[in-house]
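Residue numbers (this note's numbering), protein chains in the order written: chain R, 20 to 463; chain D, 147 to 473.
Structure, rendered in C-alpha cells:
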C-alpha cells in the first residue's frame, strides 16, 4: 500500500506543479476587469442597463479586436445588490486576482474602498459618482471620478435655473428643493448647494427619501405642496426615481421645473409615469440611441450573436445603457494608455492608475472609437482626476430622451475651492492618510 | 422656548392656517392606512391559520405583480390584440398561479412540518422567500415593469375638491385602491369570522393536533389561507405597482405592515384595519408637521415608535388576544 500511496502522491504533486504554470499563463494572457454590478434587488432597475452597457462594450472589444492591443479582457461581474457590505465582499474576492481597475457602481461602496485602494494598489473608477472631493489627485492618487462630480452637477442645475429665471441675481428669494435618497449618494450635493444658497440668496429645501420609503413618497410630496419650491433637483436611484416622477405628475408639479441628476435620467425612471412624465428633465453627458458606430459594433458583435444579457434589442441605446458603454470606454482607454506608458501588454492596477492619470480622450479620439459627439472629451491630470466637464439637459418626450440644451459648464469657482478644502479635511480626519508618493508621468 | 413652540404650538398653527393641507394630509393618511391594512391582512391570515409569521408575504406581493405583468406580455406576444381582454386573462391566470403556489407551499413546505415548533415553520417561510426571489428573477428578470393599470381600466387623473378656501386633490387611483382594499378586507373579515372555515382556521392555529383530532383538514385550511393571502398579495401588488413600478423594490413595502401588526395584533383582522389607519394617518401628520424639526424623512421609524408606545399599554396589540398560559 505504501509504495502505491507515494506513487499517487508523487503523481498528484507533479500534476499540481504542472498546472501552476498553466494557470499563471492564463492569468498573464489576459487583463482582469471585474465589474461590480446589481442585476437584482430594489436598485436593479437602474443597475441592469448600466451593467449591460459596460459588459457589452468590453465584450465587443474582445470579439472585434481580440481585446486591447491583442490582449483579451477577462470580464467578470460580481453582484452587489447595491449593498455596501456585499460590495466590500466583492472587492475582497477580486483583489487578489490583479484587477486592472475596480468599478464599485455605488457611492456607498466607493466610500468604503477609498482607504483600501492605496494599500492594495488598485485604482477605483467611480465615473460621475462617489466622493466629489476625490477629484483631488494630490490627496486621492488612486481614485478617479471623471467626467464631473455631483457638486459640478448641482452647480449646473443652479446655473440652468438661473438661465430660466433671467440671471444669477434672479435666484434671490427662490426656493430650490433637493429630493434625495437618504444615503451617501443622495446627500453628496448638499454642501455645494448650501454654499450656493448662501451666495445667491435662494432657499434650499431638503427632501430626504429613506431607502425603505422609496416607493412610498406620499408624505414627502405633501411637504412639497406646503413648501411650494420653484424647482426640484432629484438625486435618486433605483425605484425612488420613477416613484418621484409619478408623484410629481400626480400632484401637478410642473415637469419642466423637475430635474434629475444624470443617474435619475434612465428610461425606466420616466416611462412608468406615462403621459404625466412628459417634460421631465435630466442632466446628461452621453448620447442616447444607436446612431453611433460604436453602438452598431456592439449590436453586430455582441447583441446579434446572443452574447449580451439585454432582454430586448430595443433596450440597446437607452440612456443608462449608453452610460455603461461610456464607463467601459474609460476603462479601455486607461488600459490602452497604461500599455503605452509601460510598454507592457498585460497591465495591472498600478499600471492602469498611471493610465488614468494621463488619460486624454480628445474629440478626435472619440471619433476614432466610433463615438463622435457621444460624450465630452476627458482629460485627466495628476492633480485633477475629474475634469469637471460640462453636461447638457435632456427632456423626456414621452418615449425617449431628447437633448434640449448646449453643453453647460459647472460653476467651477464654487466647486473647485470646495473640493480642495474638503479633500484636505478628509486627509486630516483620517489619521495616517498617506501623503502622495506616486510620481506623475510626463504626459500627465 | 423656541423649540417648545415648534413642537407644541407651530404645528397646530399650521393646521389652522392651512386647513386644506390638513384635509389633504388626512386623505393621504387614510389611503396609505387602507393600503397598509391590506398588506397586514396577508400576514394576519396566515398567522391565524398556522401561528406562523409569514416572512414571504412581501415577496408574494412582488411575485404576484410580476406574474400579472409577465402573463399580460405573454398574451400580447401570443396575439391577444385587445388589451382589456389580455389584461383580464392575465389577471385570471395570476389568480390560478397564486392558487398553485398555495398548493405547492402546502405540499412541499408545510405538510412535512406538521406539529413542528412554530420557529421551524417561520424559518421555512424564509426559505420560501429566497426561493421566490430567485425563481422570480429567473423567470421575469430584474428589470422593473410598468403595471398594466390602463389595460385593467384603473382610473387615471384626479378629483379636485374645493374646501376650506383651498383644494384637496384626490387621485382616482387612490380612491379605487381604497375601495378595493376596503371591499377585500370586509369580505375576508366576514369569510373568516362568520363561516365554518373561519372557526376551523382558529382551531388550526391553536393546535394542529387538536384540529386534526376533530376532523379538520389541515391541508385544505392551509391551501385556502395561503390562496387568500396570495389574492391579497395580488391586490397589494397592483395598487402599489400602479403608484410606482413593478420591481423587487416592492418587497420593502411589506415592512410597512410590521408596525401595523404590532399595533393591531397578529391575530386580528379588525386590528389590521384599525392599525393600518392609525399608522397611515399618524405617520403622514407626523412627517408633515413635526418631520422638519428632525430633518424630515421620519416616517420610516415614526410608525414603529407609535406602535411601541401602544405596546407599553397593550402588549397584545389593540385587538390581539391576550394569551394566558397556565403552568
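We put the beta carbon where it would ideally sit given N, CA and C, even for glycine. The structure presented is a predicted model; accordingly, all values stated were derived computationally and were not measured.
Residue contact check for residue 395 of chain R against chain D: no CB pair falls below 8 Å. Scanning the segment 236–296 of chain R from its first residue to its last, the whole alpha helix (DSSP H) runs of 4-plus residues come out as 237–246, 259–270 and 286–289.
If you draw a 10 Å sphere on the C-beta of residue 90 of chain R, you find 16 or more other C-beta atoms in it, and that means buried.
Residue-level contact by beta carbon fails for residue 350 of chain D and chain R, as no gap is shorter than 8 Å. Selection D/362, D/272, D/270 and D/245 evaluated against residue 373 of chain D yields D/245 as nearest (Cα-Cα). In this structure residue 345 of chain R is buried. Its beta-carbon is surrounded by 16 or more other beta-carbon atoms within 10 angstroms. Closest option to residue 338 of chain D, judged by alpha-carbon separation, among D/426, D/368 and D/451: D/368.
Look at the segment 276–289 of chain D: the residues with a C-beta under 8 Å from a C-beta of chain R are 279, 283, 287, 288 and 289. Pairing residue 290 of chain D with residue 258 of chain R gives a Cβ-Cβ distance under 8 Å. The segment 338–422 of chain R is shown to contain whole beta strand (DSSP E) runs of 3 or more residues at 411–415 and 420–422, in chain order. By the C-beta criterion, the segment 377–387 of chain D is judged to be in contact with the segment 195–210 of chain D, since at least 3 inter-stretch pairs fall below 8 Å. Interface criterion met: the Cβ of residue 228 of chain R is under 8 Å from a Cβ in chain D. Looking at the DSSP output, residue 315 of chain D shares a beta bridge with D/306.
Close partners of residue 156 of chain D in chain R (Cβ separation under 8 Å) are lacking, with about 13 Å as the shortest Cβ gap. Cβ neighbours of residue 261 of chain D within its own chain (closer than 8 Å, five residues either side excluded): 354 and 355. Going by C-alpha positions, residue 241 of chain D is about 29 Å away from residue 236 of chain R.
No Cβ of chain R is located within less than 8 Å of the beta carbon of residue 272 of chain D. Taken through DSSP and simplified to helix, strand or coil, residue 271 of chain D comes out as helix. With contacts defined by Cβ atoms closer than 8 Å, residue 335 of chain R and residue 419 of chain R do not form a contacting pair. For residue 262 of chain R, the nearest CB of chain D lies under 8 Å from its own CB, placing it at the interface with that chain. Cβ proximity to chain R below 8 Å picks out 386 and 389 from the segment 356–389 of chain D.
Residues of the segment 391–411 of chain D whose Cβ lies closer than 8 Å to any Cβ of chain R, in chain order: 391, 393, 394, 395, 396, 397, 398, 399, 401 and 402. Residue 227 of chain R sits in a strand when the DSSP states are folded into three classes.
In the DSSP annotation of this structure, residue 93 of chain R is not part of any alpha helix (DSSP H); the continuous beta strand (DSSP E) holding it starts and ends at 91–98. Straight-line spacing of the CA atoms in residue 160 of chain R and residue 442 of chain R works out to 12 Å. Residue 194 of chain R: not part of any alpha helix (DSSP H); member of the beta strand (DSSP E) spanning 194–200, first to last residue. Against chain D, the CB of residue 194 of chain R has no partner CB under 8 Å away; the residue lies outside that interface. For residue 59 of chain R, the number of other beta carbons within 10 angstroms of its own is at least 16, and it is reported as buried.
Taking 4 residues as the shortest admissible run, the segment 55–133 of chain R contains the following complete alpha helix (DSSP H) segments, listed from N- to C-terminal end: 63–84 and 103–113. For the set D/221, D/397, D/202 and D/305, the Cα lying nearest the Cα of residue 269 of chain D is the one of D/202. Residue-level contact by beta carbon holds for residue 59 of chain R and chain D, with a gap shorter than 8 Å. Along the segment 214–244 of chain D, none of the residues has a CB nearer than 9 Å to a CB of chain R.
Under the rule that a run must span 4 or more residues, the alpha helix (DSSP H) segments found entirely inside the segment 311–365 of chain D read 318–340, 342–352 and 354–359. If one requires a minimum length of 4 residues, the alpha helix (DSSP H) runs lying completely within the segment 205–253 of chain D are 229–250, in chain order. Note on geometry: alpha-carbon atoms of residue 234 of chain D and residue 228 of chain D lie some 10 Å from one another.
Against residue 247 of chain R, chain D offers no close residue; the least beta-carbon distance is about 11 Å (beta-carbon pairs closer than 9 Å).
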